[in-house]
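Student: After the structure tokens below, expect a handful of questions from me.
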Amino acid sequence: MMSKGALVRVRQVWIRFYKSFNFDYELKAMPGAKPVPWQQVDGVWMPHVRIPIEPDITAVVGANESGKTHLLDAIRIALTGTGLRQRDFCRSSTLFSVEHGSRRFPEVGLTLELDTGEADAVDKQGIPRRKNGELLLLRPEPDVVAVVNRDDDRVILADEQVSALQGLLPHPHELNTEIALPDSVSIAKLANNGGGLAGRKKRSALLDLFASITTAEDVTKSAPSVLALVNGDNSSESARWQQEQQLGLDLLVKIARIEESSFRELQSAIAEEREGLVNGLIQEMNNSIARHLNVSRWWSQDSEFQLRVSPREHELVFTIRDRTGTDYSFTERSRGLRYFLSYYVQLLAHERPIAKPEVLLMDEPDAYPSASGQQDLLRVLEHYARPDDEDREDQVVYVTHSPFLINRNAGHRVRVVDKGSRDEGTRHVKDATRNHYEPLRTSLGAFVAETAFIGGDNLFVEGIADQVLLAGMNMRLLRAGTAPSRCLDLNQVTIVPGGSNIPYMLYLARGRDRVKPACVVLVDGDSAGETARKQIRKGGAHGRPTVADDLVVQVTDWSTAVSLEVSEGVFVREPEDLVPAAVAVTAARRYARAFLGLDEESAKRLGEDDVTGLLQATDGSLWDALDKAFESVFNTRISKAGFAKELLAFLADSEGDASRPPGVPALDKNFGLLIEHLADRLSLAQERESDSRRDQRLDRIIDTFTADHSSGCTRDRALTVLKRVDAAVDDSTAGDVVRAETARLRREFKLASEPLKNVDDYPDFLERLGNVRHLERLRNQGVLAGVNRDR
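Take the sequence shown: its letters are residues 0 to 790, numbered as in numbering that gives the first Met the number 0.
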């Protein structure tokens, strides 16, 4: 098995003159840009378009015909060396020609990050690398491979070097987004006992044809039609049908692991009308499908969803059983579900290479699944890139038009491509997730990280600035490696800026429906926040609170219970007070340059002393002090939302910059504590909304986790399920017994450290976790009295 770290990763794609990509005209036009000799064509510098690729998942968005699919093709060609053709040369390029001797090939390449082992293997072959240790591989022509050395010269590799390098490259795998899971599969094919005539339409047509035959002459005339029905044809429709049939076979044989002999036995039992045996075989086949496919883990719309098979005379028909216990055929359910199942089955059936990483390529998987189905697919892709139960890390690159296939917790994964006018070709739009308007709006319709709609789970905040700040810092913490359980999952949680309307918006969200979404409220520690808290206590249907008081987080109260690192003299009342003064001043200067059009020296007129000197006059409010100082220096006030955006932009731009002001680690710590507390409150709110009895909920939590993670998981996921167990039990002595056991599990399995590492001795952990469900009942029966709980 491939171990984590032993990887060759794609870091960047280089494209020039390929289909809609011409060259990077923006880089060429940039003042001070230095031409690179090996990128010159006929003495003219034509730099490659370069698009960064994330180490896990990259989402490529753009308007129609912007070059998204061409990017996927370029990655595949660069990794395999096949498919580079003259006819794909960019037609908008001034170099496009049909004259003898002037025709050229497009050029694609990759920047590859090597680990120590692969770097040694490359060096032993004498393959040059760049100064930073990365390998820049280029394919300027078919069967020609070049690299760029540390002197920035292009070097053509010898055949033996090419062969050695090809063996190290990641394996590209393209998922077919155009085929769906079939309605049925041939039992004869499953039994490897002839092709059979799977498909009722074919059998019906064949029977109709036979019915029309009355003479020997009719037999001769009908022979071609009969053969066409039996053998199929070479049309694209027939090829598609064959692919769908193969997908059904893969599901039953590769994934469900059903033996070929079982299908032969079923075929015989149907022919001999032994209904009891048929039913027994089908039941066991359905058990195997449920055990190995485990669709309910990913299909969030129905936790009791099952994919099943039913026997017919010549085929197995796929059916769906939902939480009502009713079976439906595929034609009675949405096409989106069929395609979601197709993608999921393809991924499960695909055998990834053991000795090398993989790059999964997907072209618009959003065409058929619904919004919620796309969110479920996104979770499947997250698991594919970094499986819970395997020590491997692969890359996923997909093209989408849908905002629902964008992970709101990871806006940095988005790559926007845009097609310029005339001969400019496709360009990479840099920093698109910070500038949320064009062309990202054209690509997706709207940017999804800052939504103002009430969702499934909701965090109500006072203003837009709180929404921007929390979403941005949450993303920053996740990128820095903070455990997901200590952050907000913005694919599930909507941050809703309610202002003074929070109590009424809570009522709209929770006060009228029987099924209520989980909601948590964050308010400032000022008079407006206190008023909102009082209104929440009194509001709601029949005068009852819309949320419990412990789900309303007042910043001041929370701040007194944790150890924060804030500037001297600051009294924390609102999220902005968590920003150290030096960092706040730097962000305010950026705001002055961006919004007021000041130069850097003019912006520096605002100093840290200007702000801290006003803290006493503002009763310790950092924001009020900053606002007053800003107005005094620049004769205008500063916007909270603008400040939040400039703060986040500064943090991104200054990563690794030794000259940035002190206080950034304190900023990360402060917001990390706040976001973790909000995540815990939301988890508590989610548990309280369950309609099931407490003991049933505990069983469901443990059973679902065991089914979803039967062979292994990360420590962070194990920690999350223990938090859910703690939240599911009563605040009682019996509940204390359960919490004491979960505390032991955390300690003995070291779940609080190295959150992304897999749980050691996983079978023992699962057994201990399963026993937790019995502790509360045993304590209530007095069985645990006197038992040494520290064992």
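Here a beta-carbon is modelled for each residue, glycine too, at the ideal position from N, C-alpha and C.
Would you report the Cα separation of P36 and W44, rounded to the nearest angstrom?
Tutor: Here the question's residue 36 lines up with position 37 in the sequence shown. Here the question's residue 44 lines up with position 45 in the sequence shown. Cα to Cα, P36 sits roughly 7 Å from W44.
Student: Between the alpha carbons of K418 and V467, how many angstroms are there, rounded?
Tutor: Position 419 of the sequence shown holds residue 418. Position 468 of the sequence shown holds residue 467. C-alpha separation (whole angstroms): 29 Å.
Student: Pick from Q491, H411, E350, P46: whose alpha carbon is nearest that of L681?
Tutor: Your numbering for residue 681 matches position 682 in the sequence shown. For the residues Q491, H411, E350, P46, the minimum Cα distance to L681 belongs to Q491.
Student: Report yes or no: is there a C-beta of chain D within less than 7 Å of the C-beta of P483?
Tutor: Protein chain content of the structure displayed is limited to a single chain, and chain D is not contained in it.
Student: Pull the bridge partners of R307 from the DSSP assignment, please.
Tutor: Reading the sequence shown from its first residue, position 308 is the one you call residue 307. BP columns for R307 point to T318.
Student: On the DSSP letters alone, give me the boundaries of the beta strand (DSSP E) that D715 sits inside.
Tutor: Within the sequence shown, residue 715 is the residue found at index 716, counting from 1. Counting along the chain, D715 falls outside any beta strand (DSSP E), though it belongs to the alpha helix (DSSP H) covering 714-727.
Student: For A665, collect the residues of the same chain with a Cβ closer than 6 Å to its Cβ; drop the 5 residues on either side in sequence, then sort them by chain order.
Tutor: Looking up residue 665 in the sequence shown gives position 666. Cβ neighbours of A665 beyond the five flanking positions: E564, P579.
Student: For F262, does the three-state DSSP call read helix, strand or coil?
Tutor: Here the question's residue 262 lines up with position 263 in the sequence shown. In the displayed model, F262 falls within a helix according to three-state DSSP.
Student: Under 8 Å, with one C-beta from each stretch per pair, do the region 390-400 and the region 320-340 reach the 3-pair mark?
Tutor: no
Student: Quick one, are the C-beta atoms of A508 and C518 less than 7 Å apart?
Tutor: Translated into the one-based positions of the sequence shown, residue 508 becomes position 509. Translated into the one-based positions of the sequence shown, residue 518 becomes position 519. In contact: A508 and C518 (Cβ atoms closer than 7 Å).
Student: Hey, is the region 591-606 in contact with the region 621-638, meaning 3+ C-beta pairs nearer than 8 Å?
Tutor: yes
Student: From the DSSP output, in three-state form, read off N669 for me.
Tutor: If you number the sequence shown from 1, residue 669 lands on position 670. Here N669 sits in helix by DSSP.
Student: Closest by CA to Q245, which one among E271, L167, H349?
Tutor: Within the sequence shown, numbered from 1, the residue matching residue 245 stands at position 246. Per the Cα distances, H349.
Student: What's the C-alpha gap between R307 and Q124?
Tutor: The residue given as residue 307 occupies position 308 in the sequence shown. The residue given as residue 124 occupies position 125 in the sequence shown. Rounded to the nearest angstrom, the gap between the Cα atoms of R307 and Q124 is 53 Å.
Student: For the putative contact between T399 and D365, defined by C-beta atoms under 8 Å, what is the C-beta separation to the nearest angstrom?
Tutor: By 1-based counting over the sequence shown, the position of residue 399 is 400. By 1-based counting over the sequence shown, the position of residue 365 is 366. Sure, about 5 Å apart at Cβ, within 8 Å.
Student: Quick one: is I56 buried, meaning 16 or more other Cβ sit within 10 Å of its Cβ, or exposed?
Tutor: The residue given as residue 56 occupies position 57 in the sequence shown. That one is buried.
Student: So if DSSP puts E173 in a beta bridge, which residue, or which two residues, is it bridged to?
Tutor: Working through the sequence shown from its first residue, we reach residue 173 at position 174. E173 pairs with L360.
Student: Helix, strand or coil for I76, going by three-state DSSP, please let me know.
Tutor: On the sequence shown, position 77 is the one that residue 76 refers to. Secondary structure of I76 (DSSP, three-state): helix.
Student: Alpha carbon to alpha carbon, how far is L137 from I126?
Tutor: Taking the sequence shown and counting its residues from 1, one reaches residue 137 at position 138. Taking the sequence shown and counting its residues from 1, one reaches residue 126 at position 127. About 13 Å.
Student: Taking C-beta to C-beta, are I14 and V107 nearer than 7 Å?
Tutor: For this step, residue 14 is matched to residue 15 along the sequence shown. For this step, residue 107 is matched to residue 108 along the sequence shown. Against a cut-off of 7 Å, the Cβ pair of V107 and I14 comes out as a contact.
Student: With a threshold of 7 Å on Cβ separation, who are the neighbours of V447 within its own chain once the five nearest residues in sequence on each side are excluded?
Tutor: Position 448 of the sequence shown holds residue 447. At V447, the pLDDT of 41 sits below 50, so the modelled position is not reliable and the matter cannot be decided from this model.
Student: For R128, report the span of its beta strand (DSSP E) as first-last.
Tutor: Start at 1 with the first residue of the sequence shown, and residue 128 comes out as number 129. Counting along the chain, R128 falls outside any beta strand (DSSP E), and DSSP gives it neither H nor E.
Student: Is the beta carbon of A587 less than 7 Å from the beta carbon of F649?
Tutor: Along the sequence shown, read from residue 1 onward, the residue named residue 587 stands at position 588. Along the sequence shown, read from residue 1 onward, the residue named residue 649 stands at position 650. Against a cut-off of 7 Å, the Cβ pair of F649 and A587 comes out as no contact.
Student: For a test of the three-state rule: what should DSSP assign to H313, helix, strand or coil?
Tutor: In the sequence shown, residue 313 corresponds to position 314, counting from 1. In this structure, H313 counts as coil in the three-state DSSP scheme.
Student: Roughly how many angstroms lie between the CA atoms of F16 and L718, to the nearest whole one?
Tutor: By one-based count along the sequence shown, residue 16 stands at place 17. By one-based count along the sequence shown, residue 718 stands at place 719. Each residue's Cα considered, the two are about 50 Å apart.
Student: Which same chain residues, not among the five before or five after D387, have their C-beta less than 7 Å away from its C-beta?
Tutor: Numbered from 1 along the sequence shown, position 388 holds the residue referred to as residue 387. Excluding sequence neighbours, D387 sits near H708, G711, C712, T713, R716.
Student: Mind pulling the alpha helix (DSSP H) runs of 4 or more residues that sit fully within the region 627-654?
Tutor: 639-652
Student: Nearest by alpha-carbon distance to E133: which of V143, P141, R149 is it?
Tutor: Your numbering for residue 133 matches position 134 in the sequence shown. Closest by alpha carbon: R149.
Student: Using the beta-carbon count (16 or more within 10 Å), is S691 buried or exposed?
Tutor: As a first step, residue 691 is located in the sequence shown; it is residue number 692 there, counting from the start. For S691, the predicted structure reports a pLDDT of 40, less than 50, and the residue's modelled location is therefore unreliable. A value from the coordinates is still provided. It is exposed - the Cβ of S691 has fewer than 16 other Cβ atoms within 10 Å.
Student: Along the beta strand (DSSP E) that carries V146, what are the first and last residues, could you check?
Tutor: The residue given as residue 146 occupies position 147 in the sequence shown. Its beta strand (DSSP E) spans residues 143-147.
Student: Which class does V9 belong to by DSSP, given the choice of helix, strand or coil?
Tutor: For the purposes of this step, residue 9 is taken as residue 10 along the sequence shown, with counting starting at 1. Three-state result, V9: strand.
Student: What residue range is occupied by the uninterrupted alpha helix (DSSP H) comprising V467?
Tutor: Numbered from its first residue, the sequence shown carries residue 467 at position 468. Counting along the chain, the alpha helix (DSSP H) containing V467 begins and ends at 463-478.
Student: Over the uninterrupted alpha helix (DSSP H) stretch that includes V344, give me the two end residues.
Tutor: Walking along the sequence shown from the start, residue 344 turns up at place 345. 334-348 is the span of the alpha helix (DSSP H), which, as asked, contains V344.
Student: State the Cα-Cα distance for the pair N175 and A77, rounded to the nearest angstrom.
Tutor: Walking along the sequence shown from the start, residue 175 turns up at place 176. Walking along the sequence shown from the start, residue 77 turns up at place 78. Rounded to whole angstroms, the separation of the alpha carbons of A77 and N175 is 20 Å.
Student: Is it buried or exposed for T214, if we count other Cβ within 10 angstroms and need 16 for buried?
Tutor: Indexing the sequence shown from 1 puts residue 214 at position 215. Its Cβ having fewer than 16 others within 10 Å, T214 is exposed.
Student: Applying the criterion that 16 or more other CB atoms from any shown protein chain within 10 Å of the CB defines a buried residue, is K603 buried or exposed?
Tutor: Residue 603 sits at position 604 when you count from the first residue of the sequence shown. It counts as exposed.
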